[in-house]
Amino acid sequence: MDRFLDQVSIRGVVARLGLKRLGVGALLIAMSLPPLIVRVHPVQFMQEFSLEMALRYLPLAVLFCLSVLAGAAFIWRYERKTWGSIRDLLIVSTLIIGMLWTTRAVMWLHPDTPLYLLPIPLGALLATWLLSSNLGLLVAVVTSLNATLMGVSTDVGAVGVLIWAITGAVAASMISERRATLSVGALLVLSGAIVAFAATLGLQQPLSAALDSARWGAVGGFLSAILGYGLLPFFENVFRVTTDVRLLELTSSSHPLLRRLMQEAPGTYSHSIITGNLAEAGAEATGARALLARAGAYYHDVGKLRRPGFFAENQGGEGNPHDSRLPSLSALIITAHVREGVELAREHSLPQEVIDIIRQHHGTSLVSYFYSKAAEGNTPVYEADFRYDGDAPHSREAALVMLADCAEASVRALRKPTAIRVENAVRRVIENKVADGQLTNSTLTLADIE
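Quick note on our numbering: the sequence shown kicks off at 37 and runs consecutively.
Quick look at the structure:
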């Protein structure tokens with residue numbers, strides 16, 4: 037009994053949730069109540085404020101607090117990763133607060149503003165891009181519900197607002213599947229027009245009014261898309277989030293680093309594209325971020341741009357410059373491409389997740405060819421001098437890029453590739469990496485690999 041009382045006490049709640057999560061929740065409630073309650077201009081509200089008014093708005097405050105609790109329960113149950121990240125909780129809270137304040141500010145300044153001119157899907161759009169589809173739907177429901185509590189929409193309008201906001205989350209989630217950003221804007225414009233038209237007719241308004249609402253809905257959808265794309269880089273930089281939109285930009289062949297690879301190291305470019313396809317397929321099969329794996333693979337060897345001719349895939353029929361160098365020096369040149377790749381990635385402001393993949397894609401692996409060649413001599417050889425000095429992969433995506441990189445190189449080296457030889461080569465790569473401890477720090481399991 038004492039244990040139960042301790043759990044339900046304030047001390048127990050604080051211990052379980054943590055001060056930071058409680059602080060985020062308190063910030064969300066404190067910042068959201070003013071636009072929820074103050075339905076007239078703030079100056080007028082302060083002049084007319086009374087105890088009776090406070091009691092009249094108390095149920096609204098209670099309902100909002102309940103919606104926050106319901107949202108927290110949803111995150112705890114279905115988005116454990118977000119629940120464990122104060123940054124992600126702050127993003128959700130910021131989007132909800134921002135949508136409520138924006139809506140109320142417009143209504144304070146221009147009370148006659150058409151409902152569907154407001155960028156209602158914006159919060160859901162950004163939440164989906166920045167975090168996940170589930171959280172996009174959560175922001176859509178919370179903002180739509182509270183738009184009704186704010187008196188911005190009627191009962192029929194509330195349904196329309198909810199549908200439109202959910203459409204924003206769905207549209208945003210399509211971007212990584214269809215590889216098309218224009219489809220998001222088109223869907224928001226179309227859905228805004230349809231929802232506004234249907235909701236206005238549902239209020240027994242004439243056809244002319246419904247057509248006017250449809251036009252406002254189309255404009256509101258367009259504004260939501262424009263603001264979404266405009267604000268996304270701001271949120272990415274402030275909260276240090278790498279979105280699928282950003283990753284799609286990185287995988288475009290027009291990116292300066294990829295264009296340099298294509299022109300200065302065509303063999304490495306071809307190898308990187310194939311590695312990206314393999315890593316992406318592996319990510320889709322294991323539940324990792326497919327776009328991150330592909331982007332990481334595209335850039336994992338950009339460090340080879342410093343000395344492209346020292347890598348086999350770029351030599352063609354020309355001589356091998358390693359033939360005239362000591363194995364130890366050749367090993368230094370080969371391993372340096374990881375450090376130089378990280379430097380190039382930072383110069384081009386690549387996301388940290390991609391930089392981590394570049395740094396970790398060889399882990400602490402042994403440059404076995406030059407190690408064996410050095411061991412043939414009479415001087416002592418230390419294995420540590422022939423290993424990469426990077427970190428072993430810490431994520432599934434980095435581990436998948438490592439395996440795809442080695443598998444592609446191993447298969448490419450086969451003189452007469454057959455299905456059996458290819459499979460055996462890939463299995464040897466995996467077994468060697470596992471035996472060498474390169475996958476220990478990643479969350480990739482043997483079951484995933486199989």
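Positions of the beta carbon are idealized from the N, C-alpha and C atoms, including for glycine. Owing to the predicted nature of the structure, the values given are computational and were not obtained by experimental measurement.
In the assembly as shown, tyrosine 418 is an exposed residue. Its beta-carbon has fewer than 16 other beta-carbons within 10 Å. Spanning the alpha carbons of proline 387 and proline 292 requires a straight line of approximately 15 Å. Its chain contains Ile156, Pro157, Ala160, Ala176, Thr179 and Ser180 as the residues whose beta carbon lies nearer than 7 Å to that of alanine 201, once the 5 sequence neighbours on both sides are disregarded; these appear in chain order. Here tryptophan 119 has Ile111 and Trp112 as same chain residues with Cβ atoms under 6 Å from its own Cβ, once five neighbours each way along the sequence are excluded. Glutamate 433 and alanine 381 have their alpha carbons spaced roughly 17 Å apart.
Residue environment analysis places methionine 143 among the buried positions, since at least 16 neighbouring C-beta atoms fall within 10 angstroms of its C-beta.
Spatial neighbours of valine 231 in its own chain (CB-CB distance under 7 Å, excluding positions within 5 residues in sequence) are listed in chain order as Gly196, Ile199, Trp200 and Gly253. According to the DSSP assignment, proline 363 belongs to the alpha helix (DSSP H) that extends over 363-383. Non-local C-beta neighbours of leucine 243 in its own chain, meaning closer than 8 Å and more than five positions away in sequence, comprise Leu237, ordered along the chain. Rounded to whole angstroms, isoleucine 309 and phenylalanine 275 show a C-alpha spacing of 30 Å.
Bridge pairing for arginine 451: absent [DSSP]. In the DSSP assignment, glutamate 300 falls within the unbroken alpha helix (DSSP H) covering 292-300.
Taking each of Ser249, Val225 and Thr415 in turn and checking the Cα distance to alanine 235, the smallest one comes out for Ser249. Closest in C-alpha terms to phenylalanine 406, from the list Leu365, Glu383 and Ile391, comes Leu365.
Assignment of arginine 463 by DSSP, reduced to helix, strand and coil, places it in the helix class. For leucine 341, the closest C-alpha among the options Ala367, Glu115, Arg295 and Gly312 is that of Arg295. A Cβ-Cβ contact shorter than 8 Å links isoleucine 127 with leucine 166. Measuring C-alpha to C-alpha distances from serine 289 to each of Tyr305, Arg361, Ser401 and His397 identifies Tyr305 as the nearest. Less than 8 Å divides the Cβ of proline 363 from the Cβ of alanine 410. Secondary structure at arginine 140: helix, using DSSP grouped into helix, strand and coil.
If you look at isoleucine 485, you'll find it in the alpha helix (DSSP H) that goes 482-485. Straight across, the Cα-Cα distance linking glutamate 459 with isoleucine 393 is about 25 Å. In this structure, glycine 228 and glycine 257 form a Cβ contact; the two beta carbons are roughly 3 Å apart against a cut-off of 8 Å. The alpha carbon of serine 478 has as its nearest neighbour, out of Val447, Glu383 and Leu439, the alpha carbon of Leu439.
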